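Novice: Quick one: this structure, given as structure tokens, is what I'll be asking you about.
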Amino acid sequence: NFCVASVLGSSCTTCTLRSCAPYAPINSSKYLCLERSLMTFRRVVSPGGVVFLLFFPITVEANGGAGLAAAIPAADAAVYESDDLLAKVFGDSYNQKSASLELDISLDGEKVGEAVTLVGRECKIHAHSLAKILENYLISEATKQIIKLADADGFISLKNLGLLKISAKFNRQLLLVELSAPIEKKKVRSLGKGRFYNVAQTPDIRQAMVSGSVDTRISEAYYHGRVTYQRRSLIFSPVLNIGGLVFEGEIARDYFSDFQKNKGFRREYSSAVYDWAEKDLFFRVGDIFSNFTKYQNVPRLFGAQIKKETPRHLEYRQAQVRQITLLRKSTIKVYCNGNLVKVKEGVAPGTYELDDISYSSGNNDVKIKIIDDAGREQDLEESFFLETSFVPQGKFDIDCSFGYPEVNDPKKGRYDKQNRIISIIAKYGLLNATEIEGGMEDGDHGVSCAAAIKNKNPCGNFELRYARSKHQINADTASGFKLAGNAYYLYYSTPSISLFEKSMFNAGFSFEQLDSFFHPYLSSSMAVNPDNFLSVRENAKGKSKIIGCFASFDNLFALNFSSRYRIRTDQKHRRSQSFFLNLSKSVWFGGAIFNSANFNASFERSKNFNGQINRSFCLGCTVYLKNDMRLSSGYVNNSNGNSAHVTMSKSPHGSDRISYDLSAFRNSRKDGFSLDSFYLHPMFKVEFNHAKYDDSSNSTRAAIETALFFADGNFAIARKTSSDGGFIMATPRKAMKDETIKFANSGVASDIFGNAVLPLSRNYVTTARLDLRDVPDTLNVEPNTLVAVGQYRRGALVEISAEGSYVAEGDLYNQNGNPLKLVSGCARHCSDRQAKPSPFFTDSAGKFIIMGLSPGKYKASVNVEGVRDFEFNVIETGQHTLKLGKVFCQNAEVES
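Each residue of the sequence shown is one higher than the one before, starting from 158 at the first, in our numbering.
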């Protein structure tokens, strides 16, 4: 907080701030306080610590308008309206032909960025910078034409933008370039956060040709009690990608102190995968894991698989997109169930998508109000909603596999090669919020099939499933048998219904009937030994039914209520029942210590098939503190006795943190305490667990996990944070080599190699923003946001570079040895026309600083009549400051 007058070496009558040293006085007798006059300023910091502040007042006392205004032709009077502010900044420089400024750019009243602009007889703007700014607002054809119209110096005249039907004007009172484009040249934009991305929009991120990772986990555990033993585990999970062909697997070694023979390494799984990334399709050979649908759980196989998964770009997929076209600047208000959920003011003309309104359980009462700048109002009624995990409309997810099931039988071995299984499962997005799925599994022991339909509409969420299984083992022999059975499943839940103000109600029910023996071969419940499951003939007769219902009130007087009731009938028509009731209340505090608290109570009553009744009653309380700590306690009373616990936890945020849970407990069997803790570092994770009981037994476990990543010759060490297996490696280049790369709100930072690793999911967009708080002001880092869609376990690579890492400083003189005072100039890279120009200014002694330079040859133009350009070279060295000393500019007339 400082006063303009104190900077300019004068006095101010509106405040008493004196925090800045005097600069050069300007030819004006009155100044306005920063708090009373909107100012535009640019801070330039030299390596020596000298601070230059250049102020451009928006409202200034008129004093005759001298200087540059006198040199402006009458034809351009409409452009240069009002007093000439540049003359007030640079003094009475009648011979100055133009000024190089980094000005704000607005499009239809919306600020879109900043670009270097030449202000003088003809206003020009750097073409590549302008195209870069407008690429998110205008169609690609328009931005390409802007670059084509650039002159030899890489600038485009504001008048020439009219050839593209883009009106442009330099607003001298606001020092702003105002643009306006017709709607047909504008892109369809999002009124939300713009979360729809694809790989084509992120050219800075590329898939690595050779990449992979090696995840390593080591643990040591001790248990002391009636039986004392020690267990040591070592697990390696390597992944190697070569041009889309991925080899992956896992090997492990366990050591038990009481079983000396278990010392060797064993193969947990291995496979080779080829990824057709453009088609979201991949082919796998080796160990196969597939768990695609309810009632169609394919066992773990050793064989081949073809799988196609459609990427889901959002956790919440929109069922219907509403597009809005605005002809005037407008305010948009969005209401959901009568509540205002979003307001967007000053939205520029264009076409927009409303794509980020989140709904729960099918809320669909949406109203959109549009108010334009003329005061006209328009209401739009909509009934659309969001859904999670549905396949997008018109898309397929397909999974085909063939191989031998894993049984780990002492006689048959690891795989049952006497029984081959082929499985085909598919999901299809039928309508906006409807998905159908079906599958078939054929093996030597029988055939099973399943089908389902899921739908979410304004009336609620609906799901229907049917499956049939035929299973036979040695049917031609006396000991063999042949079975067939069906399964039915029905589920429905209502949308969230608004009952009172800020109170919602939700209810639903489910029904499931299945034959007791119904299971596809080797599903999860039969994976150990299917013969034992069918050996008891009683299990092969009769049916079981499960009927359940639930209801919940949300935020009813800040008291949440939920219940569940279930009835199950077995093959002997015996019934089991269970009822569950839960009440909870949250309280928020405003103190310096406590943040919030939650109280809950639950009651459960169940009756098993034998008629035995069990009751359980629970009480719990959790208090959240300001310092990331949490205190909780609970009490449970049931048929097994009473139990209670007290827990203190801490889970801080950030990249380097220690989290722990310290608990003391008491129950009918034993008392004791436990400590569960882990330390998260960007490069590794350390766990430590210890428990001690009153019977003198105790257990201790320590573990560490880290991973080595590599992508096209770049290496990084980081902890593995994604089960999907993909990653983005951010590598510093040039001036960023000595800087630490950090990502905001993710706890990811660069390692000893200088690289940082971000997890990359195959089915979701990975978005990360660079944390630039510790980056020096002299570095201009691009891009500041990374966006990528992952492919199957392939590494992606992005180079984080810094523009403007070099600074040139010197003293500027004319040919006669007189300092060029208070003038502006612009330095442009001779070989890179896309490089952003670097404007500079001189003080009252002719000193200047040019920032934003990269290695190469530069031409610097001084915006003064009769003064020619000068050149200098920036050589890539360890020093980021280039001392130019005294620079003499030749007169144009002498050289000509």
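We put the beta carbon where it would ideally sit given N, CA and C, even for glycine.
It should be emphasised that the depicted structure is a prediction, and the values quoted were computed from it without experimental measurement.
Measuring alpha carbon to alpha carbon, tell me which residue in G551, T651, K501 and I703 is nearest D672.
Specialist: Locating residue 672 in the sequence shown gives position 515, counting from the first residue. For the residues G551, T651, K501 and I703, the minimum Cα distance to D672 belongs to I703.
Novice: Run through the DSSP bridge pairs and tell me what T508 is partnered with.
Specialist: For the purposes of this step, residue 508 is identified with residue 351 of the sequence shown, where counting begins at 1. In the DSSP output, where bridge partners are listed per residue, T508 has V345 and T482.
Novice: Are E896 and P839 closer than 9 Å when you measure CB to CB?
Specialist: Counting from 1 along the sequence shown, the entry for residue 896 is found at position 739. Counting from 1 along the sequence shown, the entry for residue 839 is found at position 682. Not in contact: E896 and P839 (Cβ atoms no closer than 9 Å).
Novice: Roughly how many angstroms lie between the CA atoms of I392 and A409, to the nearest whole one?
Specialist: Taking the first residue of the sequence shown as position 1, residue 392 is located at position 235. Taking the first residue of the sequence shown as position 1, residue 409 is located at position 252. Their backbone Cα atoms lie some 4 Å apart in a straight line.
Novice: Report the CB separation of L275 from K281 in whole angstroms; it is logged as a contact under 8 Å.
Specialist: Counting from one through the sequence shown, the residue named residue 275 turns up at place 118. Counting from one through the sequence shown, the residue named residue 281 turns up at place 124. Yes, L275 and K281 are in contact; Cβ-Cβ is about 4 Å, under 8 Å.
Novice: Can you list, in chain order, the residues of its chain with a C-beta nearer than 8 Å to that of D530? Leave out the 5 residues immediately preceding and following it.
Specialist: Against the sequence shown, residue 530 aligns to sequence position 373. Around D530: R485, K486 and S487.
Novice: What residue ranges within the segment 294-325 form continuous beta strand (DSSP E) runs of no fewer than 3 residues, ordered along the chain?
Specialist: Unbroken beta strand (DSSP E) stretches of 3 residues or longer found wholly inside the segment 294-325: 312-314, given in chain order.
Novice: Below 9 Å between beta carbons: does that hold for D372 and S394?
Specialist: Along the sequence shown, one-based indexing puts residue 372 at 215. Along the sequence shown, one-based indexing puts residue 394 at 237. Pairing D372 with S394 gives a Cβ-Cβ distance under 9 Å.
Novice: Given a threshold of 16 other Cβ atoms within 10 Å of its Cβ, counted over all protein chains shown, does G870 qualify as buried or as exposed?
Specialist: The sequence position of residue 870 within the sequence shown is 713, counting from 1. Its Cβ having fewer than 16 others within 10 Å, G870 is exposed.
Novice: Might you give, ordered along the chain, the residues of its own chain that have their beta carbon closer than 6 Å to the beta carbon of N612, omitting 5 neighbours on each side?
Specialist: In the sequence shown, counting from the first residue as 1, residue 612 sits at position 455. Hits under 6 Å: T591 and F619.
Novice: Keeping to the same chain, check which residues put their C-beta closer than 6 Å to that of A378; ignore five residues upstream and five downstream.
Specialist: Working through the sequence shown from its first residue, we reach residue 378 at position 221. Here the set comprises R388 and R858.
Novice: Spatial neighbours of V548 within its chain, please: CB distance less than 7 Å, with the 5 preceding and 5 following residues excluded, ordered by chain position.
Specialist: As a first step, residue 548 is located in the sequence shown; it is residue number 391 there, counting from the start. Closer than 7 Å at the Cβ level, and outside the excluded window around V548, lie T467, D554, K584, Y585, G586 and E592.
Novice: Please report the Cβ distance between S427 and V396, rounded to the nearest whole angstrom; I am assuming they are in contact, meaning their Cβ atoms lie under 8 Å.
Specialist: Translated into the one-based positions of the sequence shown, residue 427 becomes position 270. Translated into the one-based positions of the sequence shown, residue 396 becomes position 239. No, S427 and V396 are not in contact; Cβ-Cβ is about 11 Å, not under 8 Å.
Novice: Would you list the one or two residues that DSSP bridges to F446?
Specialist: The sequence position of residue 446 within the sequence shown is 289, counting from 1. Bridge partners of F446: none, in fact.
Novice: Using the rule of at least 16 other Cβ atoms within 10 Å of the residue's Cβ for burial, across every protein chain shown, is N1030 buried or exposed?
Specialist: Position 873 of the sequence shown holds residue 1030. With fewer than 16 Cβ atoms within 10 Å of its Cβ, N1030 is classed as exposed.
Novice: Of the choices K783, C775, S806 and K342, whose alpha-carbon is the least far from that of Y792?
Specialist: Translated into the one-based positions of the sequence shown, residue 792 becomes position 635. It is C775.
Novice: Closest to V498 by C-alpha separation, out of L819, G1042 and L511, would be which residue?
Specialist: The residue labelled residue 498 in the question sits at position 341 within the sequence shown. Checked all of L819, G1042 and L511; the closest Cα to V498 is L511.
Novice: Please confirm whether G1013 and C987 have their CB atoms less than 9 Å apart.
Specialist: Locating residue 1013 in the sequence shown gives position 856, where the first residue counts as 1. Locating residue 987 in the sequence shown gives position 830, where the first residue counts as 1. The Cβ-Cβ distance between G1013 and C987 falls below 9 Å.
Novice: With distances taken between CB atoms, is the gap from H1057 to L832 smaller than 9 Å?
Specialist: For residue 1057 there is no data in the structure shown, the boundaries of the chain being 158 and 1053.
Novice: Going by the DSSP bridge assignment, what does Q948 pair with across the sheet?
Specialist: The residue you call residue 948 lines up with position 791 of the sequence shown. Partner(s): none; Q948 has no beta bridge.
Novice: Do you know offhand how far I229's Cα is from F327's?
Specialist: Locating residue 229 in the sequence shown gives position 72, where the first residue counts as 1. Locating residue 327 in the sequence shown gives position 170, where the first residue counts as 1. The predicted position of I229 is uncertain, since its pLDDT is 32 and thus under 50; no value can be drawn from it.
Novice: For S743, tell me which candidate among D852, D437 and Y781 has the shortest Cα-Cα distance.
Specialist: Numbered from its first residue, the sequence shown carries residue 743 at position 586. Ranking the options by Cα distance to S743, first place goes to Y781.
Novice: Can you give me the start and stop residues for the beta strand (DSSP E) that K584 sits inside?
Specialist: Indexing the sequence shown from 1 puts residue 584 at position 427. That run of the beta strand (DSSP E) goes I578 to L588.
Novice: For R383, count the other beta carbons within 10 Å of its own beta carbon; 16 or more makes it buried, fewer makes it exposed. Which is it?
Specialist: Here residue 383 corresponds to residue number 226 of the sequence shown, with the count starting at 1. R383 counts as exposed, since fewer than 16 other beta carbons sit within 10 angstroms of its beta carbon.
Novice: Can you give me the C-alpha to C-alpha distance between Y180 and S1001, rounded to a whole angstrom?
Specialist: Taking the sequence shown and counting its residues from 1, the one referred to as residue 180 is at position 23. Taking the sequence shown and counting its residues from 1, the one referred to as residue 1001 is at position 844. Bear in mind that a pLDDT of 32 at Y180, under 50, signals an unreliable position, so the model cannot answer this.
Novice: For I340, does the three-state DSSP call read helix, strand or coil?
Specialist: As a working note, residue 340 is residue 183 in the sequence shown. Correct three-state label for I340: helix.
Novice: Measure the alpha-carbon distance for I898 versus S368 and round it to whole angstroms.
Specialist: For this step, residue 898 is matched to residue 741 along the sequence shown. For this step, residue 368 is matched to residue 211 along the sequence shown. The straight-line gap from Cα to Cα measures roughly 20 Å.
Novice: If you draw a straight line from the alpha carbon of F822 to that of S773, how long is it in whole angstroms?
Specialist: Start at 1 with the first residue of the sequence shown, and residue 822 comes out as number 665. Start at 1 with the first residue of the sequence shown, and residue 773 comes out as number 616. Computed Cα separation, rounded: 18 Å.
Novice: Given E844, which residues of its chain have a CB within under 6 Å of its CB, disregarding the five upstream and five downstream residues?
Specialist: For this step, residue 844 is matched to residue 687 along the sequence shown. These residues qualify, in order along the chain: F835 and A860.
Novice: Rounded to whole angstroms, how far is the Cβ of L336 from the Cβ of S324, which I believe are closer than 8 Å?
Specialist: Within the sequence shown, residue 336 is the residue found at index 179, counting from 1. Within the sequence shown, residue 324 is the residue found at index 167, counting from 1. About 7 Å; that satisfies the 8 Å criterion.
Novice: What residue range does the beta strand (DSSP E) around S653 cover?
Specialist: As a position in the sequence shown, residue 653 is number 496, starting the count at 1. Taken as a continuous stretch (DSSP letters only), S653 belongs to no beta strand (DSSP E), as it is neither H nor E.
Novice: How big is the Cα-Cα spacing for M886 and A953?
Specialist: Along the sequence shown, one-based indexing puts residue 886 at 729. Along the sequence shown, one-based indexing puts residue 953 at 796. For the pair M886 and A953, the Cα-to-Cα distance works out to about 6 Å.
Novice: Among G665, T300 and A984, which has the Cα closest to the Cα of H285?
Specialist: To locate residue 285, count along the sequence shown from 1; it is residue 128. Selected option, being the one with the closest Cα: T300.
Novice: Suppose you measure from the CA of A945 to the CA of L640; what does that come to, to the nearest Å?
Specialist: Here residue 945 is taken as the residue at index 788 of the sequence shown, counted from 1. Here residue 640 is taken as the residue at index 483 of the sequence shown, counted from 1. In this structure, the alpha-carbon of A945 lies about 50 Å from that of L640.
Novice: Based on the DSSP secondary-structure assignment, which residues constitute the bridge partners of K611?
Specialist: As a working note, residue 611 is residue 454 in the sequence shown. For K611, which the question treats as bridged, DSSP gives the partners E592 and E620.
Novice: Just the C-alpha distance for T385 and N565, rounded to the nearest angstrom, thanks.
Specialist: One-based indexing of the sequence shown puts residue 385 at position 228. One-based indexing of the sequence shown puts residue 565 at position 408. Roughly 28 Å separates the two Cα atoms.
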